[in-house]
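Report on the structure given below.
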Amino acid sequence: MDKSLTPKTTEKRDTAVNRLLLYLAQHVYSITVGVMCLVHSVLLIIMLISGVWPLFYMNILSVVVYAFCFLLCRNGSIMPVYVSIILEVTTYSIVSTHFIGINTGSYCFLFSIVPIIIYFGSHLFKGKERWGIVIMLILNFAVFVALYLGFAKATPQYELNPVIETILIIFSMFTMVFSTIFYNVIYIYTSENEVIDLEQKNRELYADAQADALTNLLNRRGFLPMVENLMKDQNTSRFCVAFCDLDDFKRVNDSYGHNGGDEVLKHTTLMIREELPGCDICRWGGEEFVILLRGFTLAEARKKVDSLRENIATTPTVFFNKQIFITITIGLEENKPIYKSPEEIIKVADSRMYYGKQHGKNVLIYKDKKDE
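Written as structure tokens, this is what we have:
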């Protein structure tokens, strides 16, 4: 495959047209060289029939040049191919105009490489180097003007049959139009794919910014706006927040290493999801989790969360054939009109969890001591 710009196909429909365009975009350099070789093969036959031997031999040389360029494309050496195309087409336009005259339209081949100069050059040159593309386009146009003015009234070396002359004109025009359409289609296709790919990467980055890499849970950035929106919605303002902390988690890391600790965190995440399906879970930091229980009263949430606590305490994490037992302390609070931000209700749940840590651990605290 050419070392050219290869578009990605994320979120693209897998149609025959898309597969064709993808193939053309991935092999654009080799296809360009192949088409150029085909063009000169046709011209070779025409010159053989017409008896224009200088151009017959020159077309043989051109075919050899493009065969060599094809090998360069396969090796990813695109710059020599780029230079060879420009020099070969420019030279052929000058020589053919000299031998068969301007009325055959040979100078139009200069226009057929304009899209090639731009398309190839945009990939090969960066920054200020791209002024080289502008210079080559100016020189290309200057050669056209020189040929048109210099051979407008000149007598060609070979007089061609009018039918052959018409065929050459149509053929040169066709190559010019085909080149323009082909590279515009490839440019549009690759540009669209780059936009789609960029949008996909942005979505992935946005998701990564809101998710914890280890557990794939929400992080604070993704969790807090969710709670805030729920607090603003008067129709669904009933919910509870549980602040959870794994007890003596440092002991796990010290005894089993951080890999063991990671397994405990992932196993705990799995148990929370199984015990509280549909609830939003946040890895608050380290071994802390915050759970959003939508639509739960405090009594309902208390029952579910306490069941979670008991299951975690009795279900060990298996790590290299070893069982790691751990407990969890939970602080629980329900949403109330006095809370104006997610941080306020989470702070209350956190303080209840901390109280539980100081009074035995492996407990659920759902009200303050003053409320008892």
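In my numbering, the protein residues as written are 78 to 449. All C-beta atoms, glycine included, are put in the ideal place defined by N, C-alpha and C. These figures come from a predicted structure and were not determined experimentally.
Coil, strand or helix - Gly408 by DSSP
strand
Expected contact under 8 Å - CB spacing of Cys114 and Val94 to nearest Å:
Actually they do not touch by this definition, with Cβ atoms about 26 Å apart.
Closer than 6 Å by C-beta to Gly338: which residues in its own chain qualify, once you throw out the five before and the five after it? Chain order, please.
If we look at Gly338 and ignore the five residues flanking it on each side, its Cβ neighbours are Val329, Asn330.
Where Arg297 falls: helix, strand or coil (DSSP)
It is helical.
Round the Cβ separation of Tyr143 and His117 to the nearest angstrom and send it over; I've been treating them as touching at under 8 Å.
7 Å
Return helix, strand or coil for Thr356, following the three-state DSSP convention.
Correcting the residue identity first, residue 356 is Cys in this sequence and not Thr. In this structure, Cys356 counts as coil in the three-state DSSP scheme.
Give me the Cα-Cα distance between Gly198 and Ser268, rounded to the nearest whole angstrom.
16 Å
Nonlocal neighbours in the same chain, by C-beta distance under 7 Å from Arg360, ignoring five residues either side:
Asp289, Thr292, Leu294, Asn296, Phe366
Use the C-beta contact count for Thr402: other C-beta atoms within 10 angstroms, 16 or more gives buried, fewer gives exposed.
The residue asked about is misnamed: residue 402 is Phe in this sequence, not Thr. The residue in question, Phe402, is exposed, as its Cβ has fewer than 16 Cβ neighbours within 10 Å.
If I follow the unbroken beta strand (DSSP E) through Ala319, where does it start and stop?
316-323
Within the same chain, show all residues whose beta-carbon is closer than 6 Å to that of Ala319, passing over the 5 residues directly before and after it, in chain order.
Ile368, Val382, Ile407, Leu409
Once you ignore the five residues that flank Tyr432 on each side, which residues in its own chain have a CB closer than 6 Å to its CB?
Ile442
Flag this pair as yes or no: are the beta carbons of Cys317 and Glu411 separated by less than 7 Å?
yes
For the beta strand (DSSP E) containing Gln400, name the first residue and the last one.
Per DSSP, the continuous beta strand (DSSP E) segment holding Gln400 begins and ends at 399-401.
What first and last residue would you give for the alpha helix (DSSP H) that runs through Thr391?
Going by DSSP, Thr391 is part of the alpha helix (DSSP H) stretching over 375-391.
List, from N- to C-terminal side, the alpha helix (DSSP H) runs of 4 residues or more that fit wholly inside the region 96-140.
105-127
Nearest CA to the CA of Ser249: which residue from Thr174, Ala219, Arg298?
Thr174
Can you tell me which of the three DSSP states Val440 falls into?
DSSP places Val440 in coil when its eight states are reduced to three.
Does DSSP put Ala229 in a helix, in a strand, or in coil?
coil
C-alpha gap between Tyr134 and Pro239, whole angstroms:
22 Å
Per DSSP, which one or two residues make a beta bridge with Ile368?
Under DSSP, Ile368 shares a beta bridge with Ala319, Ile358.
How far does the beta strand (DSSP E) with Phe188 in it extend, from its first residue to its last?
Segment 186-189 is the alpha helix (DSSP H) holding Phe188; no beta strand (DSSP E) there.
Could you tell me which of Lys230, Tyr260, Leu121, Asn388 sits nearest to Leu138, measuring between CA atoms?
Leu121
In the DSSP assignment, the beta strand (DSSP E) including Thr394 goes from what residue to what residue?
Here the beta strand (DSSP E) through Thr394 covers 394-396.
Alpha carbon of Leu323 to alpha carbon of Arg371, nearest angstrom:
Cα to Cα, Leu323 sits roughly 23 Å from Arg371.
Give the single residue among Gly204, Arg207, Val191 whose Cα lies nearest to the Cα of Phe221.
Val191
Look at the alpha carbon of Ile108 and the alpha carbon of Leu101, and state the distance between them as a whole number of angstroms.
7 Å
beta-carbon Phe186 near the ligand GTP non-hydrogen atom, thresh 6 Å:
This structure lacks the ligand GTP, and indeed carries no ligand of any kind.
Looking only at C-alpha atoms, which of Ile358, His335, Ile163 sits nearest to Thr346?
Ile358
Is it buried or exposed for Asp427, if we count other Cβ within 10 angstroms and need 16 for buried?
So Asp427 counts as buried.
Three-state secondary structure (DSSP) of Ser81:
Annotation note: pLDDT 44 at Ser81 (below 50); position unreliable, coordinate value reported separately. Residue state, collapsed to three classes: coil.
Please confirm whether Met213 has its beta-carbon closer than 7 Å to some beta-carbon of chain E.
Protein chain content of the structure displayed is limited to a single chain, and chain E is not contained in it.
Keeping to the same chain, check which residues put their C-beta closer than 8 Å to that of Gly437; ignore five residues upstream and five downstream.
none
Taking Cβ to Cβ, would you say Thr374 is nearer than 7 Å to Glu340?
Going by C-beta atoms, Thr374 is not nearer than 7 Å to Glu340.
Considering only C-alpha positions, which residue in the set Tyr416, Thr391, Tyr196, Ser154 is nearest to Leu307?
Tyr416 is the residue among Tyr416, Thr391, Tyr196, Ser154 whose C-alpha sits nearest the C-alpha of Leu307.
Residue closest to Tyr264, alpha-carbon to alpha-carbon, out of Ala378, Leu98, Met213:
Leu98
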